[in-house]
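Asker: The structure that follows is given in the form of structure tokens.
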Amino acid sequence: MTTTTQLAIDGGPSAVTDPLPGTLHGVLDIGEPEIEAVTAVLRRKTIFRFLNDRQTSESCRLEDRYREWTGRRHALAVGGGGTCALICGLVGMGIGTGDEVIIPGYTYIATAAACLSVGAIPILAEIDQSLTLDPASVEKAITPHTRAIIPVHMRGCPADMNAINDIAARHDLKVLEDVAQANGGTYHGTPLGAVGHAGAFSLQHYKMITAGEGGVLITDDEDIFKRAAIKHDSAMQFWADDQTWPSFAGENYRMCELRAALGLAQFDRLPGILERTRANWHMLTERTAHLEKLSPRTCHDPSGDCGITWAVFAADSPSARRFSEALAAEGVPNATIFNKRIPDRHIYNAWDYVMEKRTSDPTGWPWTQARRPIEYHPQMLPQTLNTLGRCIAIGLNQHWREGHIQQVAEAIIKVHDGLAARDEL
Ligand SMILES: *Cc1c(COP(=O)(O)O)cnc(C)c1O
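Each residue of the sequence shown is one higher than the one before, starting from 0 at the first, in numbering that gives the first Met the number 0.
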């Protein structure tokens, strides 16, 4: 074996010589427009959104941008993140104590937390080879108590929405899209979030674009919107022009103008970020498509994928581990479910308070209000564990240049060929 093909795990030189830029997105691009926008709000001193009129309110303008982008009639900005947008969406849909909501076993734990916050019981379903909710598993999870489905567009990739919407229509269920990881993605031309009855976006630090913290709920349904808006601020009817609002206790999930200004400036960056992440994803995918021992993650609409994750499957989990370690040695940070330093709260078996049905309420609510016995255990979703166990993922970034992609592609090919030659893949 020549030194150039000797794997780095065997003492060879690593394939990547240029350090790769980080994997965050919008937050890395914060610059003058964001600083200007936030400073302007500070100078104005009206940080509370409802003291500004519709034209000048940053929060209103952020909502307008989401309405324009998604084509939905209503948008509600929330200050507390995608979790709060999901909570408002569920409340908007009239979902409450004991109602069952189907979610994938691979999503950030916040999806389950949002259900529990409104008293609903999260029912876990399998993921498919796109790492998103498997419609076949959803169908099996439906009971007379099911009220909603939350498909999650994981790691930038759209879920199988036609199949999920079809199931929902047949069983009279609501569909709340969790778009926290796929802001700006589309599904056969429709912006994600606008494919179901409502969509919840996150503007948290790690997402495509950020407001520091924050989120947006969108919907076409006036009832969902008004109930969601009351949940986000039970004084809503006082700020609004018309008086036809429901009235019940809410929280304070209002967006503040500083965050909204930051979010607005970031929103303008979204097309540029997506253009570059998608170009990188296509380049890397093309250059590694011929590798026989790795099968690519499927996608329900590749043209709508945000391009932030390159993911493949090895034949089994030992192969995936070997591949991942060898690739890391070549200088390519990558992840399998095995090399996480801390339990990965994106995988259901690490959702400790769900697995153990723990709650803040002394009575054990809402688990005590389930309408049938509900049990969780770490092995309950074998297809999800098998799929994730074989998966190797690389987070892509808008700052990678063609040279980075080329080096990463070379590293992947080198490790593939090296491990395949000795039957370790
Ligand atoms: C980040 C995230 C959330 C929660 O968003 P926050 O803004 O952190 O509240 C929900 N679902 C998914 C899939 C996420 O990645």
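Where is the CB? At the ideal position from N, CA and C, for every residue including glycine. Quick caveat: nothing in here was measured; it's all calculated off a predicted structure.
What separation, rounded to the nearest whole angstrom, lies between the Cα atoms of residue 413 and residue 300?
Answerer: For the purposes of this step, residue 413 is identified with residue 414 of the sequence shown, where counting begins at 1. For the purposes of this step, residue 300 is identified with residue 301 of the sequence shown, where counting begins at 1. Roughly 29 Å between the two C-alpha positions.
Asker: Where residue 149 and residue 177 are concerned, what is the direct C-alpha to C-alpha distance, given to the nearest angstrom?
Answerer: Residue 149 sits at position 150 when you count from the first residue of the sequence shown. Residue 177 sits at position 178 when you count from the first residue of the sequence shown. The straight-line gap from Cα to Cα measures roughly 6 Å.
Asker: Is residue 176 near ligand 1, going by C-beta to nearest heavy atom under 8 Å?
Answerer: Within the sequence shown, residue 176 is the residue found at index 177, counting from 1. It does not: the Cβ of residue 176 is nowhere closer than 8 Å to a heavy atom of ligand 1.
Asker: By DSSP, does residue 62 sit in helix, in strand, or in coil?
Answerer: As a first step, residue 62 is located in the sequence shown; it is residue number 63 there, counting from the start. In this structure, residue 62 counts as helix in the three-state DSSP scheme.
Asker: For the stretch 17-26 and the stretch 197-216, state whether three or more C-beta atom pairs, one from each stretch, are separated by less than 8 Å.
Answerer: The stretch 17-26, when compared against the stretch 197-216, does touch it at the 8 Å Cβ threshold.
Asker: Closer than 6 Å is what we want: which residues have a beta carbon that near any heavy atom of ligand 1? List them in chain order.
Answerer: After applying the 6 Å Cβ criterion, the set is 80, 81, 82, 106, 107, 109, 110, 151, 177, 179, 180, 201, 203 and 214.
Asker: Please classify residue 416: does DSSP put it in a helix, a strand, or coil?
Answerer: As a working note, residue 416 is residue 417 in the sequence shown. Three-state result, residue 416: helix.
Asker: With a threshold of 16 other CB atoms inside 10 Å of the CB of residue 169, please say whether the residue is buried or exposed.
Answerer: As a working note, residue 169 is residue 170 in the sequence shown. Counting Cβ neighbours within 10 Å, residue 169 comes out exposed, since fewer than 16 surround it.
Asker: Using C-beta distances below 8 Å, list every residue in its chain close to residue 53, excluding the 5 sequence neighbours before and after it, in chain order.
Answerer: One-based indexing of the sequence shown puts residue 53 at position 54. Once the five neighbours on either side are set aside, the close Cβ partners of residue 53 are 59.
Asker: Since residue 394 is in the beta strand (DSSP E), which residue starts that stretch and which ends it?
Answerer: Stepping through the sequence shown from its first residue, residue 394 is reached at position 395. Run containing residue 394: 390-394, per the beta strand (DSSP E) assignment.
Asker: Among the candidates 118, 75, 40 and 292, whose CA atom is the shortest distance from the CA of residue 426?
Answerer: A query on residue 426 cannot be resolved here, the shown segment of the chain reaching from 0 to 424 and no further.
Asker: Who are the near neighbours of residue 81 in its chain, counting only those whose CB is closer than 6 Å to its CB and skipping five residues on each side?
Answerer: Taking the first residue of the sequence shown as position 1, residue 81 is located at position 82. Answer for residue 81: 179, 199, 201 and 214, listed in chain order.
Asker: Does the stretch 86-100 come close enough to the stretch 286-306 to have 3 or more Cβ pairs within less than 8 Å?
Answerer: Verdict: no, contact absent.
Asker: How about residue 280 and residue 249: do their beta carbons lie closer than 9 Å?
Answerer: For the purposes of this step, residue 280 is taken as the residue at position 281 of the sequence shown. For the purposes of this step, residue 249 is taken as the residue at position 250 of the sequence shown. No; because the gap between Cβ atoms is not below 9 Å, this pair is not in contact.
Asker: Mind checking which residues open and close the beta strand (DSSP E) that includes residue 223?
Answerer: Stepping through the sequence shown from its first residue, residue 223 is reached at position 224. First-last for residue 223: 221-231, but that is the alpha helix (DSSP H), not the beta strand (DSSP E).
Asker: When the distance is taken between beta carbons, is residue 165 closer than 9 Å to residue 456?
Answerer: What is shown of the chain runs 0 to 424, which leaves residue 456 out entirely.
Asker: With three or more C-beta pairs closer than 8 Å as the rule, is the stretch 341-355 touching the stretch 103-119?
Answerer: With the cut-off at 8 Å, the stretch 103-119 and the stretch 341-355 touch.
Asker: So within the stretch 187-219, which uninterrupted beta strand (DSSP E) runs reach at least 3 residues, ignoring any that extend past its ends?
Answerer: Those beta strand (DSSP E) runs which fall completely within the stretch 187-219 and span 3+ residues are 197-201 and 214-218.
Asker: Using the C-alpha atoms, what's the distance from residue 255 back to residue 228?
Answerer: As a first step, residue 228 is located in the sequence shown; it is residue number 229 there, counting from the start. As a first step, residue 255 is located in the sequence shown; it is residue number 256 there, counting from the start. Whole-angstrom Cα-Cα distance: 15 Å.
Asker: Give me, in chain order, the residues of the same chain whose beta-carbon lies closer than 7 Å to that of residue 225; leave out the 5 immediate sequence neighbours on both sides.
Answerer: Counting from 1 along the sequence shown, the entry for residue 225 is found at position 226. For residue 225, where only same-chain residues beyond five positions count, the Cβ hits under 7 Å are 244 and 245.
Asker: Within the same chain, show all residues whose beta-carbon is closer than 8 Å to that of residue 124, passing over the 5 residues directly before and after it, in chain order.
Answerer: Taking the first residue of the sequence shown as position 1, residue 124 is located at position 125. Answer for residue 124: 101, 102, 103, 104, 132, 133, 136, 137, 139, 140 and 380, listed in chain order.
Asker: Go ahead and label residue 50 buried or exposed: buried means 16 or more other beta carbons lie within 10 angstroms of its beta carbon, across all protein chains shown.
Answerer: Here residue 50 corresponds to residue number 51 of the sequence shown, with the count starting at 1. So residue 50 ends up on the exposed side.
Asker: DSSP on residue 73, reduced to helix/strand/coil?
Answerer: Stepping through the sequence shown from its first residue, residue 73 is reached at position 74. Here residue 73 sits in strand by DSSP.
Asker: Which of the three DSSP states is assigned to residue 251 in this structure?
Answerer: On the sequence shown, position 252 is the one that residue 251 refers to. DSSP places residue 251 in strand when its eight states are reduced to three.
Asker: Just grab the DSSP bridge partners of residue 101 for me.
Answerer: As a working mapping, residue 101 is identified with position 102 in the sequence shown. For residue 101, which the question treats as bridged, DSSP gives the partners 122 and 148.
Asker: At a threshold of 8 Å, does residue 194 count as lining ligand 2 (C-beta to nearest heavy atom)?
Answerer: What this structure holds is ligand 1, not ligand 2.
Asker: For residue 256, report the span of its alpha helix (DSSP H) as first-last.
Answerer: Here residue 256 refers to the residue found at position 257 of the sequence shown. Unbroken alpha helix (DSSP H) run through residue 256: 256-266.
Asker: Mind listing, in chain order, the continuous beta strand (DSSP E) runs of no fewer than 3 residues lying wholly within the stretch 306-388?
Answerer: Those beta strand (DSSP E) runs which fall completely within the stretch 306-388 and span 3+ residues are 308-312.
Asker: Identify which residue in 89, 265, 126 and 167 has its Cα closest to the Cα of residue 157.
Answerer: Locating residue 157 in the sequence shown gives position 158, where the first residue counts as 1. Cα-wise, what sits closest to residue 157 is 126.
Asker: Which residues does DSSP list as the beta-bridge partners of residue 284?
Answerer: Here the question's residue 284 lines up with position 285 in the sequence shown. According to DSSP, residue 284 bridges with nothing at all.
Asker: Per DSSP, residue 185 forms a beta bridge with which residues?
Answerer: The residue labelled residue 185 in the question sits at position 186 within the sequence shown. Answer by DSSP bridge pairing, in chain order: 190.
Asker: Should residue 1 go down as buried or exposed, given a rule of 16 or more other Cβ atoms within 10 Å for buried?
Answerer: The residue labelled residue 1 in the question sits at position 2 within the sequence shown. Residue confidence for residue 1 is low, a pLDDT of 46 falling below 50, so the modelled location carries little weight; the figure read from the coordinates is stated next. Exposed, by the Cβ-count rule.
Asker: Assess contact between the stretch 326-336 and the stretch 63-83, defined as three or more Cβ pairs (one per stretch) separated by less than 8 Å. Is contact present?
Answerer: With the cut-off at 8 Å, the stretch 326-336 and the stretch 63-83 do not touch.
Asker: Are residue 20 and residue 289 touching if we call contact CB-CB under 9 Å?
Answerer: Numbered from its first residue, the sequence shown carries residue 20 at position 21. Numbered from its first residue, the sequence shown carries residue 289 at position 290. Not a contact, by the Cβ cut-off of 9 Å.
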